[in-house]
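The block underneath contains the structure these notes are about, expressed in structure tokens.
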Amino acid sequence: MKLTLKTPVRALHMVGPTYAGRLNKLDIDSVGDLLMHPPRRYEDYSRVSPIGSVQNGEVVTIRGQVKTSRNVFTRSHKTIQKIVITDQTGTLKATWFNQPYIPNTLKPGSWVSLAGTAQQFGKGVQFTSPEYEKLSSTDMREKGTTIHTGRLVPVYPETKGVSSKWIRSRIAPLLPLLASELEEWLPESILKQESLVPLPKAIVSLHFPSALSEAKKAWGRLAFEEMVNIQLAVQNRRKSWDRRKLGKKLVIEDSKLNVFLSSLPFRLTQAQRRVTQEVLGDLGQDKPMNRLLQGDVGSGKTVIAAIAIYAAFISGEKSALMAPTEILAMQHLETIKKLLAPFGMRIAMVTSSMKENLTKYDVAIGTHALLYKTVETGSHALVVIDEQHRFGVEQRALLIKKSRTPHILTMTATPIPRTVALTLYGDLDLSILDEMPPGRVRIKTWVIPPHKRESAYRWMRERIKLGEQAFIVCPLIEESTNETMLQVRAATEEFDRLKDKVFPDLALSLLHGRLSSRKKEEEIQKFRKGKTNILVTTPVVEVGIDITNATVMMIEGAERFGLAQLHQLRGRVGRGIKESYCLLFPSNPKTQGLSRLRILGTAKSGGQLAEFDLKLRGPGEIYGTKQHGYVNLKYAELSDTRLIATTQRLAREILEENSKLLKLQSVRTKLSTLEKDIEPN
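Offset between the sequence shown (1-based) and my numbering: plus 1215.
Now the structure itself:
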């Protein structure tokens, strides 16, 4: 079978299904993935020295012949491997532990290369657990190429059963076969202008550089490749969207719209007025709107959605609003009904069991039920998607497909760093609600050490005596057997403990994702009406619960959440005029994440938190998980504004009308590949 970059890794020699499963944990499924697996650092074993010249503390490679090799068995049934190597200048001992196969690999008389840090031992030096590599007599005479010793040696991210040495041994034979398949698609002028090495050379230099400066150039080229791919995909999506034929242009009568605006029970902030104009401007265009609305928790995004929905209504068109959770969908239903039902709008909550035709409704609100084929949502001129990163690409695309080509308004309360917005949402127009409605109080945030837990409970009881309510959030639903999660408090067990031992005289309720829709609504309504004092819950409350009387948010295992997610959870309190508090309980008081948690108390906005989280944890974890659709960058950094600007400019140059670059076959091939690999947003 001919090897290509798309060949599954399980087809490689000495890989098979077992190792393929292990590699999958490193996001390696194909030969191309393996070649693009970046080292996390390099060990410098490039200094090759005669044995007689090796000094204590030196990081060095030596080459010689094995004189003796044996296993030594200890009383505790462990093994120690002892090898003696000689060359013309001296003798050196090497020791390993619990690797009994080594004497069979490095037999007396065989030639070997060892690399490591020399340590004083008696009158000489020795190696402990060095890297080793068998050599042929030809290698010894001609100083043949090695991959584990005698050079800059790459050290990779590993997983159980897959070591860096194993990865190097698989990559090395592939490079001469496949590096050339990574054809350079950029013209020589661009490579020269940006000081970039050709792609095939970059891949070879990434894994086996002759010097650190060469490795740095390889990383630079691959970072450029990664970022320009994203920019081309994003800009291409934007062009494709702009070329779509709009289902129907909205004709919005200002007089009718003003009647609705004047009916609002509050004054819009300056930011809300600005964003309203941006959205209404889009709705009046011949091309479909594709706008992202980002606003901090409590900044008033739902009102903007309501204005857009009303604008569609007075134009004779229908709207759909999709939320990621039933709790958030119900919250939207309540708010939208309160604002729009007085104007005769028919609003439906869509569930999977719903049988009736929705065409008689002006607004359909729901979760994934809006996507079900059994529910005929009709043709919507406007689709609002809340917290879009919680939906898959296919789900968003399906909703849009069912509604001709609608206007799309996407909303998120998750703070988005500026560079992330520029890079990953470059196909969307961006509106930011950067102003909070008047009267919102700043939430006091504290990190609570273990010895203050009982005091915190007593303090919480005092707040509840004043007629206030509290949330207690746990990371899990039930206790985990996973060793790394043993100290993490689970909602079901914590609910029982708090109800029986800590607050036996108070009313507690439990909320998590496994409850039925009816039970969830029951528990929320009990809490909303003040029938329960404390709601013990999982992060299911992160979005969608608006209880003005709740003033205390207690978060267990706080270090396990991203700052942006903690900010969202904290935003469930402070919705009214009462002073509100957020108490963070780390599951491990010695964790390095404590300093990160303290940032939550000092940052002035969600945007600041997001920028900090991006630097600290990376884009894949900005929501507290790596599964929400952020690009998992291997080489580029989203803080590299120069790289973002350069690749954005190049992507636009390639895609503009009559582009000289687009006339190049290599560039057209690249674009075709990207269109197949990256699904439209």
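Beta carbons: idealized from backbone N, C-alpha and C, even for Gly.
When rounded, the separation of the alpha-carbon atoms in T1862 and T1856 is 10 angstroms.
Partner residues in a beta bridge of F1423, as assigned by DSSP, do not exist. For I1760 and F1742, the gap between their C-alpha atoms comes out near 10 angstroms. For M1504, the closest alpha carbon among the candidates D1511, V1224, G1496 is that of G1496.
Of all C-beta pairs linking the stretch 1336 to 1356 to the stretch 1238 to 1255, fewer than three are shorter than 8 angstroms, placing the two stretches out of contact. Scanning the stretch 1632 to 1686 for uninterrupted beta strand (DSSP E) segments of 3 residues or longer gives 1644 to 1648, 1659 to 1662, listed from N- to C-terminal end. DSSP assignment within the stretch 1258 to 1331 yields the following whole beta strand (DSSP E) runs of 3 residues or more, N-terminal first: 1274 to 1288, 1294 to 1302, 1305 to 1312. By DSSP's assignment, E1348 forms a beta bridge with S1328. With distances taken between CA atoms, P1719 lies nearest to T1747 out of T1747, K1735, A1706. By the Cβ neighbour-count rule, D1715 is exposed, with fewer than 16 other Cβ atoms within 10 Å of its own. DSSP places S1245 in the strand class (E or B) of the three-state scheme. Beta-carbon to beta-carbon, L1472 and R1436 are separated by about 52 angstroms, too far to satisfy the 8 angstroms threshold. For I1266, same chain residues with a beta-carbon under 8 angstroms away, outside a window of 5 residues either side, are I1277, G1279, I1300, T1301, D1302, T1304, G1305, T1306, L1307 in chain order. For H1595, the CB contacts under 7 angstroms within the same chain, skipping 5 residues up- and downstream, are K1533, S1534, A1535, S1618, P1621 in chain order. The three-state reading of DSSP puts M1251 in coil, since its state is none of H, G, I, E or B. The secondary-structure analysis by DSSP pairs L1725 across a beta bridge with V1751. Excluding five sequence positions before and after Q1485, the CB atoms of its chain that fall closer than 7 angstroms to its own CB belong to E1650, given in chain order. In the DSSP secondary-structure assignment, V1688 is bridged to T1752, I1770. Under the three-state reduction of DSSP output, R1733 falls in the helix class. Collapsing the DSSP output to three states places I1529 in a helix. Judged by their CB atoms, A1563 and A1584 are not nearer to each other than the 8 angstroms cut-off.
Taken through DSSP and simplified to helix, strand or coil, V1512 comes out as coil.
Listed as beta-bridge partners of F1827 by DSSP are no residues whatsoever. Under DSSP, N1505 shares a beta bridge with I1623. Going by beta carbons, A1433 and L1421 fall inside the 8 angstroms limit. Straight across, the Cα-Cα distance linking L1648 with V1512 is about 10 angstroms.
In the structure shown, A1563 falls within a strand segment according to DSSP collapsed to helix, strand and coil.
Around I1382, the same chain offers Y1371 as residues with beta carbons nearer than 6 angstroms, after the five sequence neighbours per side are excluded.
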